[in-house]
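The opening residue of the sequence shown carries number 1 in UniProt numbering; numbering runs sequentially from there. To start, the structure under review is shown below, and the notes come after it.
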Amino acid sequence: MPKTVLIVDDSALVRKQLAEMISSLNFDIEFAKNGQEAVTKATSQQFNVITMDINMPVMDGIKAVKQIMEAQPTPILMVSSLDLGAVDYIAKPGTMNVGKNENREEILHKVRSLSMISPRRLKRKIARPTTRERRRPVSSRTRSDTRSSQNLQKVILIGSSTGGPGLIEQICAALPANYKHTLCIVQHMPEQFTAAFAERLDRASVLTVLETKQNMELLPGTVYLARGGVHIGFAKKVSGKIIIRENKDKGACFFQPSVNNMMESALETFDGGNIIGVILTGIGDDGADAMVKLKKAGAYTFGESEESATIYGMPKEAYDRGGVQEQLDFSSILKKIASLR
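Below, the structure is given as structure tokens:
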């Protein structure tokens, strides 16, 4: 029985473009012109994947996602917007600053990935704190200004892909105001979305969350989200300060930023014993080889277990290759990171 996808967009042209791309997967394709139509269709049958636009008449995509996920949890791919009820994100066809073939391959990769997710995995409620609940004290907003990367202790490197954004937000929200370690995160996400995602994480956390930029200094008690469209690495200046280095050359990597690139660069800059490597949900094997290297260098490494991972791909590869010291469900990973002293 073929898999089914529901394409939701008020633009007939976009519906046609997405359908032409997805048709190569031999999925059955249905359409909805607005959020209300999407809710009606998605709650009357179980689709394998839904692609959801944001700005539509009658009902917008964000309201539709909320209603669908409450009534009939389904893997949803947000198109041209950022909403953490969705599982992954793409830009609309023609809006990405890449070649047409690369655009097509990314869309197909994500639709194929999401179609593998069992709806039961999406029924776990993600408790997201509101901005009001997480108001940041003024002292913590300015605290980083008096700190230096020369005082860095542990550096926590986190890699995630499909299904990861909601988990990343939970991690940022759980970190206490006196947290002294540095988090560097690679979340596979188009470059159009990482700035908005970093802002969203910053609102959820009592710590400062920043989208990375070239030559940005790493500070204790700060969270860094890798900017989309570039690889990130690290370098130590003569002064001893640790800074972000960006590389626009995609190389052989399917994803940019790449978890492997970030983790391998960290080994050239930090002592292995001061690194913690974490692999969360996602398809593929990005980060698996680097996790092996981190572990051999004395880093503490752990990966998300099959029981909690939306897609047990990246963490499985890291575990199978010997790069994971502990395999844990996400709630245990969250506690370990937040309680690190």
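In this text, a Cβ means the ideal position worked out from N, Cα and C, and glycines have one as well.
Beta-bridge partners of residue i, as assigned by DSSP
{"i": "residue 286", "result": "Residue 286 pairs with nothing; no bridge assigned."}
{"i": "residue 208", "result": "222"}
{"i": "residue 304", "result": "328"}
{"i": "residue 269", "result": "In DSSP, residue 269 forms no bridge with anything."}
{"i": "residue 312", "result": "282"}
{"i": "residue 117", "result": "In the DSSP output, where bridge partners are listed per residue, residue 117 has none listed."}
{"i": "residue 276", "result": "156, 300"}
{"i": "residue 217", "result": "243"}
For residue j and residue i, believed in contact at Cβ under 8 Å, the rounded distance
{"i": "residue 276", "j": "residue 156", "result": "5 Å"}
{"i": "residue 330", "j": "residue 284", "result": "That pair is no contact at about 19 Å."}
{"i": "residue 61", "j": "residue 69", "result": "Residue 61 to residue 69, Cβ: 12 Å. No contact."}
{"i": "residue 314", "j": "residue 288", "result": "7 Å"}
{"i": "residue 104", "j": "residue 21", "result": "5 Å"}
{"i": "residue 64", "j": "residue 6", "result": "At roughly 11 Å, the Cβ-Cβ gap does not stay under 8 Å, so residue 64 and residue 6 are not in contact."}
{"i": "residue 414", "j": "residue 327", "result": "The shown model of the chain, from 1 to 341, leaves out residue 414, and the question about it has no answer."}
{"i": "residue 278", "j": "residue 226", "result": "Rounded, the Cβ-Cβ distance is 14 Å, inconsistent with contact."}
{"i": "residue 244", "j": "residue 194", "result": "About 13 Å separates the two Cβ atoms, so there is no contact after all."}
{"i": "residue 269", "j": "residue 235", "result": "6 Å"}
{"i": "residue 108", "j": "residue 88", "result": "Their Cβ separation, rounded to whole angstroms, is 13 Å, which puts residue 108 and residue 88 out of contact at 8 Å."}
{"i": "residue 342", "j": "residue 311", "result": "The chain is shown only over 1 to 341; residue 342 falls outside these bounds and no answer can be derived."}
{"i": "residue 165", "j": "residue 122", "result": "Incorrect: roughly 13 Å between the Cβ atoms, too far for contact."}
{"i": "residue 50", "j": "residue 76", "result": "5 Å"}
{"i": "residue 340", "j": "residue 231", "result": "Not a contact, Cβ separation roughly 26 Å."}
{"i": "residue 31", "j": "residue 4", "result": "Not quite, the Cβ-Cβ distance comes to about 12 Å (not below 8 Å), so this is no contact."}
{"i": "residue 381", "j": "residue 173", "result": "Only positions 1 to 341 of the chain appear in this structure, which leaves residue 381 out of reach."}
{"i": "residue 257", "j": "residue 228", "result": "7 Å"}
{"i": "residue 36", "j": "residue 58", "result": "5 Å"}
Local Cβ density within 10 Å of residue i, reported as buried at 16 or more and exposed below that
{"i": "residue 132", "result": "The predicted model places residue 132 with a pLDDT of 38, which falls under 50 and marks its position as unreliable; any figure quoted below should be read in that light. Burial call: exposed."}
{"i": "residue 208", "result": "buried"}
{"i": "residue 56", "result": "buried"}
{"i": "residue 291", "result": "buried"}
{"i": "residue 40", "result": "exposed"}
{"i": "residue 127", "result": "Interpretation of residue 127 is limited by its pLDDT of 48, a score under 50 that renders its predicted location unreliable; the figure taken from the coordinates is listed afterwards. Classification for residue 127: exposed."}
{"i": "residue 296", "result": "exposed"}
{"i": "residue 161", "result": "buried"}
{"i": "residue 13", "result": "exposed"}
{"i": "residue 15", "result": "buried"}
{"i": "residue 67", "result": "buried"}
{"i": "residue 266", "result": "buried"}
{"i": "residue 1", "result": "exposed"}
{"i": "residue 198", "result": "buried"}
{"i": "residue 322", "result": "exposed"}
{"i": "residue 137", "result": "Reliability of the predicted coordinates at residue 137 is poor, the pLDDT of 47 falling under 50, and the value obtained from them is presented with this limitation in mind. Exposed: under 16 other Cβ atoms inside 10 Å."}
{"i": "residue 200", "result": "buried"}
{"i": "residue 24", "result": "exposed"}
{"i": "residue 299", "result": "buried"}
{"i": "residue 38", "result": "buried"}
{"i": "residue 153", "result": "exposed"}
{"i": "residue 335", "result": "exposed"}
{"i": "residue 318", "result": "buried"}
{"i": "residue 119", "result": "exposed"}
Boundaries (first-last residue) of the beta strand (DSSP E) holding residue i
{"i": "residue 247", "result": "242-247"}
{"i": "residue 233", "result": "231-236"}
{"i": "residue 30", "result": "28-32"}
{"i": "residue 51", "result": "49-52"}
Boundaries of the alpha helix (DSSP H) in which residue i is found, first to last residue
{"i": "residue 9", "result": "Counting along the chain, residue 9 falls outside any alpha helix (DSSP H), and DSSP gives it neither H nor E."}
{"i": "residue 61", "result": "61-71"}
{"i": "residue 40", "result": "35-42"}
9 Å Cβ cutoff, residue i in contact with chain B
{"i": "residue 188", "result": "No chain B is present in this structure, which holds just one protein chain."}
Residue i CB to nearest heavy atom of the ligand MN below 8 Å
{"i": "residue 116", "result": "The model depicted lacks the ligand MN and carries no ligand whatsoever."}
### Task
Counting only runs of 3+ residues fully inside the region 149-206, write out the beta strand (DSSP E) ranges in chain order.
Whole beta strand (DSSP E) segments, 3+ residues: 155-160, 182-187.
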